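**Q** Numbering (our numbering), first residue to last: 14 to 379.
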Amino acid sequence: MHKNQGPVYYNDYLMLEKFLSCQEPLSKKFATKENPEAHDETLFIVVHQAYELWFKQILHDLDAVLTTFKKPTVEDSEFSYIIQRLDRIRKIQAGFQNNFEILETMTPMDFLEFRSLLSPASGFQSTQFREIEIKLGLNTVDREGIDREFFLGRLNEADRTRLSGLEAAPSMLRLLEKWLERTPFTNKENFNFWTEYQNTINKMLAEDKATIEANAAGLSDKDKQGQLENLKSTQSSFDNLFNEEAHKKVVADGQRKLSQKAMLNALFIMLYRDEPMLSMPFQMMTILMDIDENFTTWRYRHMLLAQRMLGSKIGTGGSSGHTYLKKAADNNRVFADLFNLSTYLIPRSRLPKIPAEVKKQLNFHV
Ligand code: HEM
Numbered sequence: 014m015h016k017n018q019g020p021v022y023y024n025d026y027l028m029l030e031k032f033l034s035c036q037e038p039l040s041k042k043f044a045t046k047e048n049p050e051a052h053d054e055t056l057f058i059v060v061h062q063a064y065e066l067w068f069k070q071i072l073h074d075l076d077a078v079l080t081t082f083k084k085p086t087v088e089d090s091e092f093s094y095i096i097q098r099l100d101r102i103r104k105i106q107a108g109f110q111n112n113f114e115i116l117e118t119m120t121p122m123d124f125l126e127f128r129s130l131l132s133p134a135s136g137f138q139s140t141q142f143r144e145i146e147i148k149l150g151l152n153t154v155d156r157e158g159i160d161r162e163f164f165l166g167r168l169n170e171a172d173r174t175r176l177s178g179l180e181a182a183p184s185m186l187r188l189l190e191k192w193l194e195r196t197p198f199t200n201k202e203n204f205n206f207w208t209e210y211q212n213t214i215n216k217m218l219a220e221d222k223a224t225i226e227a228n229a230a231g232l233s234d235k236d237k238q239g240q241l242e243n244l245k246s247t248q249s250s251f252d253n254l255f256n257e258e259a260h261k262k263v264v265a266d267g268q269r270k271l272s273q274k275a276m277l278n279a280l281f282i283m284l285y286r287d288e289p290m291l292s293m294p295f296q297m298m299t300i301l302m303d304i305d306e307n308f309t310t311w312r313y314r315h316m317l318l319a320q321r322m323l324g325s326k327i328g329t330g331g332s333s334g335h336t337y338l339k340k341a342a343d344n345n346r347v348f349a350d351l352f353n354l355s356t357y358l359i360p361r362s363r364l365p366k367i368p369a370e371v372k373k374q375l376n377f378h379v
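1. When you compare the CB positions of Gln138 and Arg167, do they come within less than 8 angstroms of one another, or not?
2. Quick check for students: name the residue ranges of the alpha helix (DSSP H) that lie wholly in the region 180-228, counting only runs of 4 or more.
3. Could you pull out every residue in the same chain whose Cβ sits closer than 6 angstroms to the Cβ of Leu351, ignoring the five residues on either side in sequence?
4. Secondary structure at Asn256, three-state DSSP: helix, strand or coil?
5. What whole-angstrom Cβ distance do Phe57 and Ile145 have, given they're in contact under 8 angstroms?
6. Please tell me whether, using a cut-off of 7 angstroms, the distance from the CB of His52 to the nearest non-hydrogen atom of the ligand SAM is below it.
7. At what residue ranges does the region 301-347 contain a whole run of the alpha helix (DSSP H), taking only runs of 4 or more?
8. With hydrogens ignored, establish whether the beta-carbon of Ile327 is closer than 7 angstroms to any heavy atom of the ligand HEM.
9. With burial defined as no fewer than 16 other Cβ atoms inside 10 Å of the residue's Cβ, what is the status of Ile359: buried or exposed?
10. Which two residues bound the contiguous alpha helix (DSSP H) that contains Thr140?
11. Alpha carbon to alpha carbon, how far is Ala342 from Glu194? Give it in angstroms, no decimals.
12. So Leu254 packs on Met276, CB below 8 angstroms; how close in whole Å?
13. Mark Ile71 as exposed unless 16 or more other C-beta atoms lie within 10 angstroms of its C-beta, in which case mark it buried.
14. Whole angstroms are fine: how far does the CA of Ala182 sit from the CA of Ser135?
Put into structure tokens, the structure is as follows:
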């Protein structure tokens, strides 16, 4: 604990003189009699700066999480700090979604009063936003062609070099993958969980097939065929999860990011989340999904703001505007694999029984 080192004055501590003199509308600088200062440019600057401040706090917490999470083993006490900080990031995101509403009190015509002064500056150049994306796990190679081009092309040399360098460090996604791969419990001497799980799935699918056959009397041939085809596609999606080669192919195609081992262990955590030892890992996966969802919501919300302000005009950074932003929102997901695990969930009542020895290890009273 630090001790007081002498009297502190509020304005000095927060450096408010400096901080509050950082809002300088260009329309004020270039104001003339015919073109006076655009009143709403101050709001435009304040809202952007407020976001950048929150991005700074997110990076502060994310950096601390990454430093701890990249250790070869993470102690329980450290794990609860990781969860606490990720939870803070999720809450910050939830809090800043509404800032767009405040910005929308500026009408598109008020925006036009100063918009051309901003060109070619753009949110593309928010290096803090890019840093968050990279540190969470979105790399240049994951971006779609046009997004990749803009990502690299709109930054100055120094920022581009720094951000590209960050991609070499392990991201939250890659650390999560390594950590999931290390998760024990699923393959013990007398217990191969996945064999048990596959048997249960096969039984369930056979029951579903029998139900379709039994109800076939009331169905047309086409409907029955359709239902059996759907069942086949469910079967093949389960097969893909268990087939290492098939899994590698979907990763290479960019449809999945996590390794097969990490996916299977994440699924085990989801299925047995009620076991005490799996509760914190489940909590962490849930928060990461929330963070991913909050960024996606932010992206869609921002896309709607851009459409409201610009219609189908292009952005100051040169993109197609809201159509580009929609594509980025659809594509730039980091933890979508965790969402897609729901495909493989089964009812609690059908979960394979875990042997007593493994069950004991999943309990705190070992
Ligand atoms: C009048 C308000 C706004 C409009 C019309 C607008 C419009 C746009 C457009 C069209 C783009 C695509 C790039 C381009 O061509 O310039 C973009 C990107 C971006 N904007 Fe905004 N924006 C607004 C406010 C904000 C605010 C308040 C933030 C908060 C920091 C922000 C952050 C970003 C970021 C991070 C990107 C890059 C997104 C990506 O490439 O995935 N924007 N914006």
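Just so you know, even glycine gets a beta-carbon here, dropped at the ideal spot from N, CA and C. Being a predicted model, the structure only gives us computed values, none of them experimental.
**A** Reading off the structure:
1. yes
2. 185-195, 206-227
3. Met298, Met302
4. coil
5. The Cβ separation is near 22 angstroms, so there is no contact.
6. Among the ligands present in this structure, namely the ligand HEM, the ligand SAM is not found.
7. 335-344
8. yes
9. exposed
10. 140-149
11. 29 angstroms
12. 7 angstroms
13. buried
14. 26 angstroms
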